[in-house]
Amino acid sequence: MPELPEVEVVRGGLAPHVDGRTIERVEVLEQRSLRRQQGGPEAFARTVEGTRVARLERRGKFLWWRLQDAAGQETGQALMTHLGMSGQLRVRTGASVPSPAQASATDGTGAVLLPPPDPAAGEPRGEGPASDPHVHRRVVLHLEGSTLVDFVDQRIFGGLWTSPLVATEDGLPASDGSPDDLLPEDVAGIGRDLLDPSLDRDAAIAVLRTRRAPVKALLLDQSLISGIGNIYADEGLWSARTRYDTPGNALTRGRAVRVLEGTEAVMRRALDVGGTSFDSLYVNVDGRSGYFARSLAAYGREGEPCPRCGGTIRRAVLQQRSCFYCPACQRPLRVSSR
DNA sequence: TGCCCCCTGGAT
DNA sequence: ATCCAGGGGGCA
Numbered sequence: 190m191p192e193l194p195e196v197e198v199v200r201g202g203l204a205p206h207v208d209g210r211t212i213e214r215v216e217v218l219e220q221r222s223l224r225r226q227q228g229g230p231e232a233f234a235r236t237v238e239g240t241r242v243a244r245l246e247r248r249g250k251f252l253w254w255r256l257q258d259a260a261g262q263e264t265g266q267a268l269m270t271h272l273g274m275s276g277q278l279r280v281r282t283g284a285s286v287p288s289p290a291q292a293s294a295t296d297g298t299g300a301v302l303l304p305p306p307d308p309a310a311g312e313p314r315g316e317g318p319a320s321d322p323h324v325h326r327r328v329v330l331h332l333e334g335s336t337l338v339d340f341v342d343q344r345i346f347g348g349l350w351t352s353p354l355v356a357t358e359d360g361l362p363a364s365d366g367s368p369d370d371l372l373p374e375d376v377a378g379i380g381r382d383l384l385d386p387s388l389d390r391d392a393a394i395a396v397l398r399t400r401r402a403p404v405k406a407l408l409l410d411q412s413l414i415s416g417i418g419n420i421y422a423d424e425g426l427w428s429a430r431t432r433y434d435t436p437g438n439a440l441t442r443g444r445a446v447r448v449l450e451g452t453e454a455v456m457r458r459a460l461d462v463g464g465t466s467f468d469s470l471y472v473n474v475d476g477r478s479g480y481f482a483r484s485l486a487a488y489g490r491e492g493e494p495c496p497r498c499g500g501t502i503r504r505a506v507l508q509q510r511s512c513f514y515c516p517a518c519q520r521p522l523r524v525s526s527r
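By the numbering used here, the letter at position 175 of the first sequence is numbered 364, and the numbering carries on one by one without gaps.
Listed below in structure tokens is the structure:
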């Protein structure tokens with residue numbers, strides 16, 4: 190589900206509910222969701238329980254919670270979250286548990302505020318167990334003030350774990366708005382993302398243009414630039430009239446710039462839409478509702494007309510992932526022999 | 001740099 | 001039954 194804009198929407202929606210709150214208890218319902226935790230669930234609980242949330246930060250698709258102790262000193266550990274393909278973070282507050290009818294109405298949008306499980310009533314709509322988030326709840330974080338954060342993840346590709354903070358290599362803030370240069374060790378190998386003011390675009394473009402791999406593979410490589418997933422890669426490439434399989438070293442500098450700028454623009458638009466469609470009580474974890482229905486030019490539109498030139502959008506496969514592109518206005522490019 | 005795998009479903 | 005799904009890690 191989530192690429193950078195969706196994760197950022199989650200971060201923004203979650204922050205007011207968790208900032209400054211103590212994580213009193215962690216409840217692990219599915220051990221596989223802690224696969225990446227060193228030392229297992231016990232270490233996870235030990236590192237997280239009793240700490241206070243100092244701040245939420247994000248780089249690319251990684252979202253982490255910086256933790257502090259009761260005295261307000263940071264512990265040097267981050268609570269990592271990655272949503273994988275199907276992960277969601279949902280807030281429940283004791284004061285505002287909606288009726289089952291309200292919960293059903295919000296179900297399709299991925300909005301939050303879940304009622305407690307109600308086995309007697311069942312699902313009032315035709316929503317089967319698979320669309321009932323309770324079925325896929327994997328971890329519950331119990332915060333002070335009757336605030337619960339559910340980690341819901343159908344496919345268990347995402348997860349929660351802890352990672353010690355280290356300094357960035359370049360000494361710059363870890364991400365947009367970071368107060369210092371600390372970031373989780375597990376994020377050290379992840380490139381800065383397109384919303385990060387410290388991203389060195391010239392360097393990224395230079396690297397893109399040295400590689401022979403298809404440009405889409407390079408966009409999806411999180412170590413170079415992070416946050417771009419399958420959808421935004423296709424949309425960014427479409428906006429730059431560039432085919433997914435163009436070798437990186439076939440890109441002119443101008444074209445490489447347009448690919449990155451186009452991808453960034455699509456992400457910012459998605460973020461704007463996501464940002465307006467939820468209020469502070471809802472952490473929207475499903476961009477589909479507001480944004481995807483309308484704005485995608487190519488992704489998922491095989492057989493439909495290209496909104497720019499009227500050509501027919503086609504689907505291809507690269508690295509076991511779908512690529513949607515317009516064969517008419519995204520022309521193949523070859524490395525010029527020179 | 002490509003393939004395989006990790007998982008659980010929904011759609012066809 | 002088969003294919004598909006917005007994630008990434010590990011492997012030759």
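Every residue gets a Cβ at the ideal spot worked out from N, C-alpha and C, and that includes glycine.
Helix, strand or coil: how does DSSP classify residue 208 here? Three-state DSSP puts residue 208 in coil, outside helix and strand.
Distance check for residue 269 and residue 515, CA to CA, integer angstroms please. Residue 515 and residue 269: Cα-Cα distance of roughly 38 Å.
Give the C-beta separation of residue 409 and residue 392 to the nearest angstrom, bearing in mind that I take them to be a contact with Cβ-Cβ under 8 Å. Contact flag wrong, Cβ pair sits at about 19 Å.
Between the CA atoms of residue 204 and residue 460 - distance to the nearest angstrom: Cα-Cα distance, rounded: 16 Å.
Distance check for residue 425 and residue 405, CA to CA, integer angstroms please. Answer to the nearest angstrom: the Cα atoms are 10 Å apart.
Near residue 246, what residues of its chain come up, given a Cβ to Cβ distance below 7 Å and the 5 sequence neighbours on each side ignored? Hits under 7 Å: 253, 255, 363, 364, 367.
Whole angstroms is fine: what's the gap from residue 431's alpha carbon to residue 513's? When rounded, the distance between both Cα atoms is 12 Å.
Going by C-alpha distance, which of 323, 280, 340, 389 is nearest residue 359? Of the listed residues, the one whose Cα sits closest to residue 359 is 389.
Please name the residue, chosen from 220, 276, 243, that lies closest to residue 199 on a Cα-to-Cα basis. Ranking 220, 276, 243 by Cα distance to residue 199 puts 276 first.
For residue 323, which option in 370, 281, 264 has the closest C-alpha, if you only look at C-alpha atoms? Cα-wise, what sits closest to residue 323 is 281.
Here's the rule: buried if 16 or more other CB atoms are within 10 angstroms of the residue's CB, otherwise exposed. What is residue 531? The structure shown does not extend to residue 531, since the chain is modelled only from 190 to 527, so the question has no answer here.
For residue 514, does the three-state DSSP call read helix, strand or coil? If DSSP states are grouped into helix, strand and coil, residue 514 belongs with the strands.
Less than 6 Å between C-beta atoms, sequence neighbours within five positions excluded: which residues of the same chain meet that for residue 319? Note that residue 319 scores a pLDDT of 42, beneath 50, so its modelled location is shaky and nothing firm can be said.
Endpoints, beta strand (DSSP E) assigned at residue 341: Note, residue 341: beta strand (DSSP E), 336-342.
Validate contact between the stretch 339-350 and the stretch 211-225 using beta carbons, cut 8 Å, 3 pairs: Output reads yes: the stretch 211-225 touches the stretch 339-350.
For the alpha helix (DSSP H) holding residue 268, just list the boundary residues, first then last. Per DSSP, residue 268 belongs to no alpha helix (DSSP H); it is in the beta strand (DSSP E), 263-271.
Do you know offhand how far residue 523's Cα is from residue 194's? Rounded to whole angstroms, residue 523 to residue 194 spans 32 Å at the Cα level.
Pick from 266, 328, 283: whose alpha carbon is nearest that of residue 230? Selected option, being the one with the closest Cα: 328.
Can you give the beta carbon distance from residue 400 to residue 437, rounded, assuming they're within the 8 Å contact cut? Yes, residue 400 and residue 437 are in contact; Cβ-Cβ is about 4 Å, under 8 Å.
With a Cβ-Cβ cutoff of 8 Å, do residue 210 and residue 332 count as a contact? Cβ distance < 8 Å, so residue 210 and residue 332 count as in contact.
Cα separation between residue 385 and residue 262? Our two residues, residue 385 and residue 262, have alpha carbons roughly 26 Å apart in a direct line.
Going by C-alpha to C-alpha distance, which of 443, 440, 377 sits closest to residue 413? Taking only the C-alpha atoms, the option nearest residue 413 is 377.
Of the residues 226, 212, 511, the one placed nearest residue 337, counting alpha carbons only: Of all alpha-carbon atoms in 226, 212, 511, the one lying nearest the alpha-carbon of residue 337 is that of 212.
Could you tell me which of 487, 379, 354, 396 sits nearest to residue 428, measuring between CA atoms? Closest by alpha carbon: 487.
Inter-residue CB distance, residue 463 and residue 415 (contact presumed, cutoff 8 Å): The distance from the Cβ of residue 463 to that of residue 415 is about 18 Å, inconsistent with a contact at the 8 Å cut-off.
Which runs of the alpha helix (DSSP H) spanning at least 4 residues fall entirely within the stretch 389-432, listed in chain order? Counting whole runs of 4 or more residues, the stretch 389-432 contains the alpha helix (DSSP H) stretches 390-397, 404-409, 419-428.
What span of residues does the alpha helix (DSSP H) with residue 235 cover, start to end? For residue 235, the enclosing alpha helix (DSSP H) starts and ends at 229-237.
Under the three-state reduction of DSSP, which class applies to residue 358: helix, strand or coil? In the structure shown, residue 358 sits in coil (DSSP, three-state: anything other than H, G, I, E or B).
Straight-line gap, residue 371 to residue 265 (C-alpha atoms, nearest Å): Rounded to the nearest angstrom, the two C-alpha atoms are 9 Å apart.
Neighbourhood of residue 541 by C-beta distance below 7 Å, restricted to the same chain and skipping five residues each side: Because residue 541 is not part of the residues shown, which for the chain are 190 to 527, the question remains open.
Name the two residues that bound the continuous beta strand (DSSP E) containing residue 505. For residue 505, the enclosing beta strand (DSSP E) starts and ends at 503-507.
Measuring straight from C-alpha to C-alpha, what distance separates residue 237 and residue 394? Near 39 Å, if we compare the C-alpha coordinates of residue 394 and residue 237.
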